[in-house]
Amino acid sequence: MSSHTVIVDDSDTDIIEYMNIELGPFRGKGWSTQTGPSLDEETEGPIHNSTLHVATVEDTSIVFPFNGTRVAVFGSIWPPTATFSPLTLSQYSVLGWDYGGGSSMQPFQAPNLTSPKNNVNFFTSNDMPYASYVLTINITTASENSPYYLDYIAVQVPDPVASLSFTPSSATSEPAVTPSPSSPSFSQSSTGGITMLPSLPGFISTKPSLPVGAIVGATIGGVIVMAVMVITIICAGMRRHRRG
0 MSSHTVIVDD SDTDIIEYMN IELGPFRGKG WSTQTGPSLD EETEGPIHNS TLHVATVEDT
60 SIVFPFNGTR VAVFGSIWPP TATFSPLTLS QYSVLGWDYG GGSSMQPFQA PNLTSPKNNV
120 NFFTSNDMPY ASYVLTINIT TASENSPYYL DYIAVQVPDP VASLSFTPSS ATSEPAVTPS
180 PSSPSFSQSS TGGITMLPSL PGFISTKPSL PVGAIVGATI GGVIVMAVMV ITIICAGMRR
240 HRRG
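Here it is, written out as C-alpha cells:
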C-alpha cells in the first residue's frame with residue numbers, strides 16, 4: 000500500500016504538547032523557541048520552517064498523539080559550549096506499540112560534534128499497524144551548554160481510497176529527508192491541508208427521476224379508480240334500498 004509523510008513542525012503547539020518542569024527549584028522551566036534559518040545550509044543542513052524548540056534543563060518532555068504507521072523525530076545538534084558539559088540524552092517511546100518486546104524507551108545520545116548539524120534523525124519507530132498512538136519524548140540530559148533542539152516530527156500514513164485526516168497548519172510539502180543509516184527511510188511526499196471524506200456512492204441516490212408525464216398520468220389514473228369505486232358503492236346502496 001502506498002503512503003505519504005506528514006511533516007509536523009515544532010512550532011505547531013496545537014498538536015505537540017511541551018511539558019515543563021512542575022516541581023523543584025526549576026519549576027516552570029523547560030522549553031523555549033529559537034527562530035531563524037540555518038547559518039550554513041549547505042554544510043549544516045536546513046531547519047524546517049526556520050524554527051526550533053529548545054530544552055536547556057533535564058526532566059522535560061513532549062507528548063505527541065498521532066494516527067499513522069510510523070513516526071520519526073528530527074532536530075539539531077550543536078557542539079557543547081563547555082568542555083566538560085554532558086552530551087544531550089533523550090528517550091523515545093510510542094504508547095500503544097511494544098516494539099516486539101523490546102525496550103519501551105529508545106535512547107538517543109547526541110554525538111560530540113565540532114560544528115552544528117541540522118535535520119538529524121533522533122528516532123524512527125518500527126513499522127506499526129495503522130492506528131492511534133502517542134509519541135513520548137523524555138529529555139534526560141540537557142543544559143545551557145548542551146541544549147536539546149527539536150525541529151519537526153514526521154508521521155507516515157497510508158493512502159486509502161477514502162480517508163479523513165488532519166494535518167496541522169504548519170505542515171508543508173517537504174523534499175526527502177535523510178534519516179540515520181540505521182533507521183528505516185520514509186516515503187517523502189508529504190502534503191498539507193485538510194483532506195475531507197469524499198462523497199460515498201452509498202449516500203448518493205442512483206434512482207432515475209420519473210418523467211413529468213408519467214407522474215401526471217399516474218395521478219389522474221388514481222383519481223379515476225377512486226371515482227369508479229365511489230360510484231360502485233353508491234349504486235350498491237341504492238339497490239339494497241329498493242329491495243327493502
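Sequential numbering from 0 applies to the sequence shown in numbering that gives the first Met the number 0.
Heads up, the beta-carbon is just placed ideally off N, CA and C, and yes, glycines get one too.
Worksheet item: Is residue 126 buried or exposed, if buried means 16 or more other CB atoms sit within 10 Å of its CB?
Response: By the neighbour-count criterion, in which 16 or more other beta carbons inside 10 Å mark a residue as buried, residue 126 falls on the exposed side.
Discussion item. Check this for me: beta carbons of residue 156 and residue 56, under 9 Å apart or not?
Written reply: No; because the gap between Cβ atoms is not below 9 Å, this pair is not in contact.
Discussion item. According to DSSP, is residue 137 part of a helix, a strand, or is it coil?
Written reply: In the three-state DSSP reduction, residue 137 falls in the strand class (E or B).
Worksheet item: Beta-carbon separation of residue 119 and residue 63 under 9 Å?
Response: No; because the gap between Cβ atoms is not below 9 Å, this pair is not in contact.
Discussion item. Let me confirm a value: residue 92 is counted as buried when at least 16 other C-beta atoms fall within 10 Å, else exposed. Which label applies?
Written reply: Buried, by the Cβ-count rule.
Discussion item. Taking only three categories from DSSP, how would you classify residue 49?
Written reply: DSSP places residue 49 in helix when its eight states are reduced to three.
Practice prompt. List the whole-angstrom C-beta distance separating residue 7 from residue 152, where the pair is believed to meet the contact cut-off of C-beta under 8 Å.
Written response: So it is a contact: roughly 5 Å between Cβ atoms.
Discussion item. Between which residues of its own chain and residue 131 is the CB-CB distance below 8 Å, once the five residues before and five after are set aside?
Written reply: 64, 65, 66, 95.
Fill in: Residue burial classification, residue 81 (beta-carbon count within 10 angstroms, cutoff 16)
Sixteen is the threshold: since fewer than 16 other Cβ atoms of the shown chains lie within 10 Å of the Cβ of residue 81, the residue is exposed.
Item to complete: Give me the Cβ distance between residue 68 and residue 50, rounded to the nearest whole Å; I'm assuming they're in contact under 8 Å.
Response: Contact flag wrong, Cβ pair sits at about 26 Å.
Worksheet item: In this structure, does DSSP put residue 42 in helix, strand or coil?
Response: Residue 42 falls in the helix class under three-state DSSP.
Discussion item. I'd like the list of long-range same chain contacts for residue 9, defined as Cβ closer than 7 Å, with 5 residues on each side in sequence excluded.
Written reply: The beta carbon of residue 9 lies closer than 7 Å to those of 15, 50, 51, 52, 149, 150, 151 in the same chain, with the five residues before and after it left out.
Practice prompt. Hey, could you find the ends of the beta strand (DSSP E) residue 67 is sitting in?
Written response: Residues 59 to 67.
Worksheet item: Are residue 134 and residue 106 touching if we call contact CB-CB under 9 Å?
Response: Contact flag unset, no.
Practice prompt. Helix, strand or coil for residue 6, going by three-state DSSP, please let me know.
Written response: Here residue 6 sits in strand by DSSP.
Discussion item. DSSP three-state label for residue 83, please.
Written reply: If DSSP states are grouped into helix, strand and coil, residue 83 belongs with coil.
Item to complete: Return the residue from the list 45, 86, 129 that minimises the CA-CA distance to residue 144.
Response: Ranking the options by Cα distance to residue 144, first place goes to 86.
Worksheet item: Is the distance from the Cβ of residue 124 to the Cβ of residue 71 below 9 Å?
Response: Against a cut-off of 9 Å, the Cβ pair of residue 71 and residue 124 comes out as a contact.
Worksheet item: Taking just the CA atoms, how far does residue 28 sit from residue 19?
Response: Straight-line spacing of the CA atoms in residue 19 and residue 28 works out to 6 Å.
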